[in-house]
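If you're matching positions, the sequence shown starts at 1 in UniProt numbering and goes up one per residue. We put the CB at the ideal spot given by N, CA and C, even for glycine.
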Amino acid sequence: MYTFKKEERLCNKRLIDKLFHSGSSFLCYPFKASWLYHTEPQQYPAQILFSVSKKRYKHAVDRNLIKRCMRESYRLHKQQHLYSLLQNADKTIVLSVGYIGKEIARYSLIEKKMLKMLSQLGEQLTAGSNVKI
1 MYTFKKEERL CNKRLIDKLF HSGSSFLCYP FKASWLYHTE PQQYPAQILF
51 SVSKKRYKHA VDRNLIKRCM RESYRLHKQQ HLYSLLQNAD KTIVLSVGYI
101 GKEIARYSLI EKKMLKMLSQ LGEQLTAGSN VKI
């Protein structure tokens, strides 16, 4: 239940391009989330990509620390806040979460904001669920 496998990570370059060109996005500081409904069948309801700007964080250790915290908070809360909603609606999405904060936040703050971002995403998914893909 609390796993984050390779199949849940977004690696397909064509899907990533499509996500950034025709997907919907919203801000939930310190995150910027972009998402897109995916029509092809997937093993998991959502595939996700985490990114941290190299321009803002020059050191790889800083970028890796932030991404590790983001992945961990997503891993712990995805099932109850995102997967259950998507499985009930029988939909799949691709999702990108970029960190746009100006300083490295503590894990507790990242976790709190990840929960807020997932609930905001859930609201957008339910609001747009009557739209055909």
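Put residue i into one of helix, strand or coil per three-state DSSP.
i	result
K32	strand
G98	strand
R9	strand
I48	strand
F4	coil
S24	strand
Y57	coil
K132	Residue placement at K132 cannot be trusted, given a pLDDT of 41 that sits under 50; the coordinates are not used to answer.
Cβ atoms of residue j and residue i: under 8 Å apart, would you say?
i	j	result
S73	E123	no
V52	K32	no
L125	L85	yes
S34	S96	yes
K18	L36	yes
P30	G101	yes
Y99	M70	yes
L82	L121	yes
Rank the options by C-alpha distance to the C-alpha of residue i and give the top, closest one.
i	options	result
M92	F31, I48, K13	It should be pointed out that residue 92 corresponds to Thr in this sequence rather than to Met. Closest option to T92, Cα to Cα, is I48.
S22	V94, D90, Y44	V94
Q79	C28, S119, G128, S25	S119
I16	F50, N88, Y57, R106	F50
C11	S24, M1, A46	A46
residue 135	F20, A105, C28, K13	Summary: the structure shown does not reach residue 135, with the chain confined to residues 1 through 133, and so no result is reported for it.
A127	M1, E103, C28, S24	S24
* Asked: Can you give, in chain order, each stretch of the alpha helix (DSSP H) that sits fully within the segment 62 to 96 and has at least 4 residues?
  -> Listed in chain order, the complete alpha helix (DSSP H) runs (minimum 4 residues) inside the segment 62 to 96 are 84 to 89.
* Counting pairs of Cβ atoms below 8 Å between the segment 55 to 66 and the segment 4 to 14, do you hit three or more? -> These segments do not touch.
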